[in-house]
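Written out below as structure tokens is the structure these notes cover.
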Amino acid sequence: MSMDSVTTNTFPTKVLEQRNPVLVDFWAPWCGPCKALAPVLAEIAGEHGDKLTVVKVDIDDNPEIAGDYGILSIPTMILFVDGKPATTINGAVSKAKILGKLAPWL
């Protein structure tokens, strides 16, 4: 399952205004760990798509969003619930660790 890319223009509608929780993957094309994490996130999106939306933000193309949420290193994932950050996951961690952090919302 491919994940939608979100930009500064689409962030409000695709993330902040969603009813379901949205996991935002902050990444960049040059980031090796980000690329390694992509298939894991696609798998999670496929398995939990009814309860969770997974999107990507390229920090090089959308530095404003990264700045707004204090993204200092990538990959960083932030789960938004009701338009607000609920939990943050830093680094290329395992699927089990990601699902563990997301469990309260799944």
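Our numbering runs 83 ahead of the 1-based position in the sequence shown.
The beta-carbon is built from N, C-alpha and C at its ideal position, and this holds for glycine as well.
On a predicted model such as this, the values are computed, not experimentally measured, just so you know.
### Query
Run through DSSP, which three-state label would L106 get?
strand
### Distance, G132 Cα to T93 Cα
19 Å
### Message
For chain C, check one thing: does any of its Cβ atoms lie closer than 7 Å to the Cβ of L135?
### Response
Absent from the structure: chain C. Only one protein chain is present.
### Which of helix, strand or coil DSSP assigns to I157
coil
### Message
Within 8 Å, do at least three Cβ pairs link the region 137-154 to the region 105-116?
### Response
yes
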